[in-house]
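Colleague: Below you will find the structure I want to go over with you.
Number of protein chains: 2
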Amino acid sequence: MAPALRLLLAFLAIGSCIAVDHVDIWPMPQSANHGTQRLYVSKDLVLSTAGSNYADDRAILKDAFQRTMDLLKLNHAADGAEPSSYVLKGVNVVVRSPEDELNFGVDESYNMSILTVGEPLHAQIEAQTVYGALNALQTFSQLCYFDFTSRLIELNSAPWMITDAPRFPYRGLLIDTARHYLPLSTIKGVIDAMSYSKLNVLHWHIVDEQSFPIEIPSYPKLWNGSYSYSERYTMSDAIDIVRYAEKRGVNVLAEIDVPGHALSWGVGYPLLWPSDSCKEPLDVSNNFTFTVIDGILSDFSKVFKFKLVHLGGDEVNTSCWTATPHIKEWLRDNHMNVSDAYRYFVLRTQKIAISHGYDVVNWEETFNHFGEKLDRKTVVHNWLGGDVAPKVVAAGLRCIVSNQDNWYLDHLDATWEGFYMNEPLEGIDDPEQQRLVIGGEVCMWGEQIDASDIEQTIWPRAAAAAGQY
Amino acid sequence: MAPALRLLLAFLAIGSCIAVDHVDIWPMPQSANHGTQRLYVSKDLVLSTAGSNYADDRAILKDAFQRTMDLLKLNHAADGAEPSSYVLKGVNVVVRSPEDELNFGVDESYNMSILTVGEPLHAQIEAQTVYGALNALQTFSQLCYFDFTSRLIELNSAPWMITDAPRFPYRGLLIDTARHYLPLSTIKGVIDAMSYSKLNVLHWHIVDEQSFPIEIPSYPKLWNGSYSYSERYTMSDAIDIVRYAEKRGVNVLAEIDVPGHALSWGVGYPLLWPSDSCKEPLDVSNNFTFTVIDGILSDFSKVFKFKLVHLGGDEVNTSCWTATPHIKEWLRDNHMNVSDAYRYFVLRTQKIAISHGYDVVNWEETFNHFGEKLDRKTVVHNWLGGDVAPKVVAAGLRCIVSNQDNWYLDHLDATWEGFYMNEPLEGIDDPEQQRLVIGGEVCMWGEQIDASDIEQTIWPRAAAAAGQY
């Protein structure tokens, strides 16, 4: 008999299983049934892995369990005397897969049962991958609370039987380190909080018009475009972020936003500017532009192992191209107007990214202008409004939903109710097409926030969107 | 030869000692001389205690050193290759006193030398107590920075010879958990940041009119006056805060603000109110009021070991006393007017606190109304304006300066320049009287802030005031 089935039968046998009535878990699991028994969580709660196929060489599970314990004890000293019965002594985690590569589409499902009989009492977590187990630990932590009478961590309404899996494989949050530099410790704080809501993609909008804070070993002058000497990330810092995120089940999607939103690139390499007086978009006529992009994406591919890379492509004002003689000449020689040149730039850049093993994300303007030309590996990133996702998936491309009216966190007048009610599948009825919506993303653009208020601006609204989990 | 003298001679011998020109240490040490040699801080920097008399049984020093290392590595991965010379290998800390009781007046001075010769290169810290050594480590951390070329932590301008001691023994910051509840983790974050600026007293304005969040074992219904079930501190939580602060050289000054600012007390014990319709100040006529205060201060004395306790005494509106028949009668029977009763209340409460081993702090209204009657152990806490401190010390009492125009952090229009320029000894010329000003305190009243913005509101202005260190 499969362990899960055995547990289910044991659960049903004790007869105290009632339908979900009041469950304070966020996001709500696919299924959660519980009883009425209060349990006490042992101060010395033990992690065990009996029956697991996962060796945990990188301590992903062990560290996640320790973080769970730290979180439970964060705000009160749980020093009450442990009673003699109904004490939860451990968490046993069974992970079926020995692999722990985190990437797009990894299985994040889990089952968790917490019975009121057995010796010792323990929570039983079963998951295909360690990342499903991490989600289970988040759910477990939400069942626990400090009780002021017993002075212990308690867990109400056992037994529990929870079955859960995300609705979408992509559940993103954008941060923007170009408009305001964010220290590593701040980014890590954001990642920690993402894991509480089971968000799984940090979309790192690293560079933009205003600053180029990251080191690119292939082109070491690019970060001359940083705001200051100290407002920079080394590639080792980027690796640190990626590893930190991975250990929490969070992928990192890196973005360079080309050909617009790239003025800062030319501080180190002025040849990337159309001219000294007209600096954006990147010079489409100069092969050097694409050589630099190839260098960046080559360097990225060593660090950002997520299957997707974001190439931007939004808000391209091409007036500098027609205002600059040598580009105007190049357009004429190549029989292109500025629309052709914009398409040429995006498609050439897509090819470079794909040559480095990436699938490509582009903002929706690329689809709106020349959707049929986009590489079939493209994921179109909606932002302007609510009507593009149906068109994207009807065209057979994948889509990420971030319609700004509901899911832009820099819109301070966007309410949590709006975040919560936003439906990524709005207007898409065909199940095949629905599957092409890989998920959604809330966007914390950086013009108006910095390290002092980014977390307060992200939460709790991002958590409301995570209700779509 | 004394170690310090030997070091001084070694320092002078190498001939590279120049006068202070540009030193980025905050607050500025009493004396700091340095040279021009860049050092590299080893990734494996070692703490040693050769010559120390301090056993560090509570790991105060060891943990502080680890925090220093964590801080240095917080925002960049320092993974450059270590050069073969000029590598700082360790910090040797000599603490003369084996004792580590933290309290008012503990010696916080230190000397630190960082030479460019010797094997291995190390920072030498000498201090009377471990708390001086902690201050030295803060200074040390400020000398270090991440260098983007070497990818190492570096320390410029060695050799260094720093001599330092605080100007005032009391360097406070007030937090207010009655107007908004602050989670333990937030309070700990404030304490961490205090230590960076060498502030040494957390004045915990625990309870007030709006809420009574703390557990009082002697009167277990008092925290019925909390905002909610979860917005409470157990006594174990308070002990946790005190221990956490002590390990960072920060004392905790607990306050109950009586007889005004105490409406919330009556939620659990309505007898403390003059009547159900007139609830503040505490009922002066009822012996039970003083029994409760005795219980609170008895419980406090087991947890808050700082020599001082704060009894408030400000903003007492006595109209409820004259509006309540049984109190009006009591006043008449005892031949008191309301001013007499206010004095009676404060003095009786002082006696209770002193009976529990405390010296007493009271807000300045008590001095302004009946200064000559205050116990000689009283420390008068200025807040209204700039002119009371000279009167207090002229009367032979001690004083803490917190004039609201410059040092109230809830005054959002009070600038850091104003914080920086505020002079606690303004108008006091006699050195004997100057010594009675035990220090200053900046006050973060809680009406307008909560956990989401308290740190951003405290800093950097509180650090500007810490320039008075």
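Those protein sequences? They're chains D and W, same order as listed.
Residue 772 in the working numbering sits at position 332 of the first sequence; the count goes up by one each step and never skips.
Residue 660 in the working numbering sits at position 220 of the second sequence; the count goes up by one each step and never skips.
Note that beta-carbon positions come from the ideal geometry of N, C-alpha and C, so glycine has one too.
#1: Per DSSP, which residues does Gly879 of chain W bridge with? Please list them.
#2: Given a cut-off of 7 Å, decide if Ile679 of chain W and Ile627 of chain W are closer than it, judged by their beta-carbon atoms.
#3: Assuming Ser725 of chain D and His766 of chain D are in contact, meaning their beta carbons sit under 8 Å apart, how far apart are those beta carbons, in whole angstroms?
#4: Following the continuous beta strand (DSSP E) through Ile565 of chain W, name the residue where it begins and the one where it ends.
#5: Which ranges does the alpha helix (DSSP H) cover as unbroken runs of at least 4 residues, wholly within the region 774-862 of chain W, from first to last along the chain?
#6: Report the three-state DSSP secondary structure of Val732 of chain W (helix, strand or coil).
#7: Would you please verify whether the beta carbon of Ala517 of chain D is less than 7 Å from any beta carbon of chain W?
#8: Just the C-alpha distance for Ala834 of chain W and Gln873 of chain W, rounded to the nearest angstrom, thanks.
#9: Got a sec? Which residues, its chain only, sit under 8 Å from Thr762 of chain W by beta carbon, not counting five neighbours each side?
#10: Which chain D residues are close to Gln896 of chain W, counting only those with a beta carbon under 8 Å from its beta carbon?
#11: Using three-state DSSP, classify Trp600 of chain W as helix, strand or coil.
#12: Going along the region 632-646 of chain W in order, which residues come within less than 9 Å of chain D, judged by CB to CB distance?
#13: Would you kindly check if the distance between the Cβ of Val486 of chain W and the Cβ of Gly558 of chain W is under 7 Å?
#14: Quick one: list the residues of chain W neighbouring Ser625 of chain D, beta-carbon separation under 8 Å, in chain order.
#15: Suppose you measure from the CA of Glu720 of chain D to the CA of Ala702 of chain D; what does that come to, to the nearest Å?
#16: Helix, strand or coil: which one does DSSP assign to Ser715 of chain D?
#17: Would you verify that the beta carbon of Ser676 of chain W is, or is not, closer than 7 Å to some beta carbon of chain D?
#18: Between Asp845 of chain W and chain D, is any beta-carbon pair separated by less than 7 Å?
#19: In terms of residue numbering, what span does the alpha helix (DSSP H) encompassing Ser581 of chain D cover?
#20: Taking Tyr480 of chain D as the reference, give the member of D:Ala563, D:Tyr669, D:Trp663 with the closest Cα.
#21: Between Asn575 of chain W and Val641 of chain W, is the Cβ-Cβ spacing less than 7 Å?
#22: Since Asp799 of chain W contacts Lys817 of chain W with CB under 8 Å, what's their CB separation in whole angstroms?
#23: Leaving aside the five residues before and after Cys839 of chain W along the sequence, list all residues of the same chain whose C-beta is less than 8 Å from its C-beta, in chain order.
#24: Output yes if chain W places a C-beta closer than 7 Å to the C-beta of Asp587 of chain D; else output no.
#25: Per DSSP, what kind of secondary structure is Gln874 of chain D in: helix, strand or coil?
#26: Helix, strand or coil, according to DSSP, for Thr476 of chain W in the structure here?
#27: Hey, Ile733 of chain W and Thr789 of chain W: beta-carbon distance below 7 Å or not?
#28: First and last residue of the beta strand (DSSP E) that includes Met468 of chain D?
#29: Please list, in chain order, the chain W residues whose beta carbon lies closer than 8 Å to that of Tyr669 of chain D.
#30: Determine, using beta-carbon pairs with one atom in the region 879-886 of chain W and one in the region 601-614 of chain W, whether at least three such pairs fall under 8 Å.
#31: Helix, strand or coil, according to DSSP, for Thr642 of chain W in the structure here?
#32: Could you tell me whether the region 500-512 of chain D touches the region 575-587 of chain D, using the rule of 3 or more Cβ pairs below 8 Å?
#33: With 8 Å as the C-beta to C-beta threshold (strictly closer), list the residues of the region 464-486 of chain D near chain W in chain order.
#34: Quick one: does the C-beta of Pro606 of chain W sit closer than 6 Å to a heavy atom of the ligand GDP?
#35: Spatial neighbours of Gly825 of chain W within its chain, please: C-beta separation below 8 Å, excluding the five flanking residues on both sides.
Modeller: Taking the structure as given:
#1: W:Tyr610, W:Ile840
#2: no
#3: 6 Å
#4: 561-567
#5: Here the runs fully enclosed are 778-795, 804-810, 828-834, 844-847, 856-861.
#6: Three-state DSSP puts Val732 of chain W in a helix.
#7: yes
#8: Ala834 of chain W and Gln873 of chain W have their alpha carbons spaced roughly 7 Å apart.
#9: Excluding residues within five positions, the ones whose Cβ falls inside 8 Å are Lys768, Leu771, Val778.
#10: Ser892, Asp893
#11: strand
#12: none
#13: no
#14: Leu514, Asn515
#15: 7 Å
#16: strand
#17: yes
#18: no
#19: 570-583
#20: D:Ala563
#21: no
#22: 4 Å
#23: Val819, Val820, His821, Asn822, Val828, Ala829, Val832, Val833, Leu876, Val877, Ile878
#24: no
#25: helix
#26: strand
#27: yes
#28: Met468 of chain D -> no beta strand (DSSP E), and no H or E assigned at all.
#29: For the C-beta of Tyr669 of chain D, the chain W residues within less than 8 Å are, from N- to C-terminus, Phe588.
#30: yes
#31: Residue identity check: residue 642 of chain W is Leu in the sequence provided, not Thr. Strand.
#32: yes
#33: none
#34: Within the structure as shown, the ligand GDP is missing, as the structure has no ligands at all.
#35: Asn843, Gln844, Asp845
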